[in-house]
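Student:
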Amino acid sequence: MPRAPIRPSSTRRYSCAREIVDARSRHFTDEELLDALRAILKRQGTLSGLIIDEENDLPSSSAYRSRFGSLLRAYRLIGYEPERDYRYIEINKALRAALPQIVEGIVDGVAIQGGRVVQDPDTQLLRVNYEFTVSVVLARCQATAAGSLRWHIRLDTGLVPDITIAVRMNETNDAPRDFYLLPSIDMTDARLKMAEQNGLWLDAYRTETLDDFYALAGRAKVTEVA
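Everything in the sequence shown is counted per this note's numbering, starting at 449 for the first residue and increasing by one.
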């Protein structure tokens, strides 16, 4: 079956879902929106635009900005004063620096197996053997208050690569923990929330190393890889 009609549908569904939630926010009172923030704060222990956007059943952070003028003002209305999390900033900075190195390692791994990879300078997508495209994303490891590990993965629904290599970082976010090879044709959600164990439907895509991917990419077409 052709892929083109399938991929955009999941993107449209996600976009429509977010638009519906944001539209509903117009009918919420200020207090209802603030109560939702209080609930997130109680559950997460902190607030940020990213955390709000990861709550699929709640209005987006942009909806809060539109209603209250800024996220900071909304935070203050519930008595929350965010502290500047320099550790969070440093981790994100380190991850941004690590991504090109990880991508370079993937390119080299495919080349060793006889494959060829070309990176689009604008989109950063990898085109393997001129047959299929790959997106590489890093997922920062976060610990809950109970000590459980969590990862949030955002799939690139705009570029719609054939395969996303999701790199889950380890607990200290200084090296890859494992990898998920996610074919776009099988992904129905734009965002994935992962725990250490995620069930067969998702962990079937998990691999400790990328050796098998390199071997496949060295000689296989996308229909074989996916």
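Ideal placement from N, C-alpha and C gives every residue a C-beta, glycine not left out.
Verify whether the separation of the beta carbon atoms of R625 and M617 is less than 8 Å.
Tutor: Taking 8 Å as the Cβ cut-off, R625 and M617 qualify as a contacting pair.
Student: Who does H475 pair with in a DSSP beta bridge?
Tutor: H475 pairs with nothing; no bridge assigned.
Student: Check whether the Cβ atoms of P631 and D610 lie closer than 8 Å to each other.
Tutor: Their beta carbons are under 8 Å apart, which means P631 touches D610 by this criterion.
Student: Within 10 angstroms of the Cβ of A484, are there 16 or more other Cβ atoms? Answer buried if so, exposed if not.
Tutor: Under this definition A484 is a buried residue.
Student: Have a look at R486, F627, D505 and R575 and flag the residue whose alpha-carbon is nearest the alpha-carbon of V585.
Tutor: Comparing Cα-Cα distances from V585 to each of R486, F627, D505 and R575, the minimum goes to F627.
Student: Name the two residues that bound the continuous beta strand (DSSP E) containing A511.
Tutor: Note, A511: premise wrong, no beta strand (DSSP E); alpha helix (DSSP H) at S509 to F516.
Student: Using only CA atoms, which one of S510, H475, K541 and R486 lies nearest to D622?
Tutor: The residue with the shortest Cα to Cα distance from D622 is K541.
Student: Assuming S509 and D501 make a contact with CB atoms under 8 Å, what is their CB distance in whole Å?
Tutor: The pair is a contact, with the Cβ atoms about 5 Å apart (cut-off 8 Å).
Student: Taking contact to mean at least 3 C-beta pairs separated by less than 8 Å, is the segment 550-561 in contact with the segment 658-666?
Tutor: With a cut-off of 8 Å, the segment 658-666 and the segment 550-561 count as touching, because enough Cβ pairs lie within range.
Student: Would you kindly report the start and end of the unbroken alpha helix (DSSP H) that includes A643?
Tutor: Premise fails: A643 is in no alpha helix (DSSP H) and is neither H nor E.
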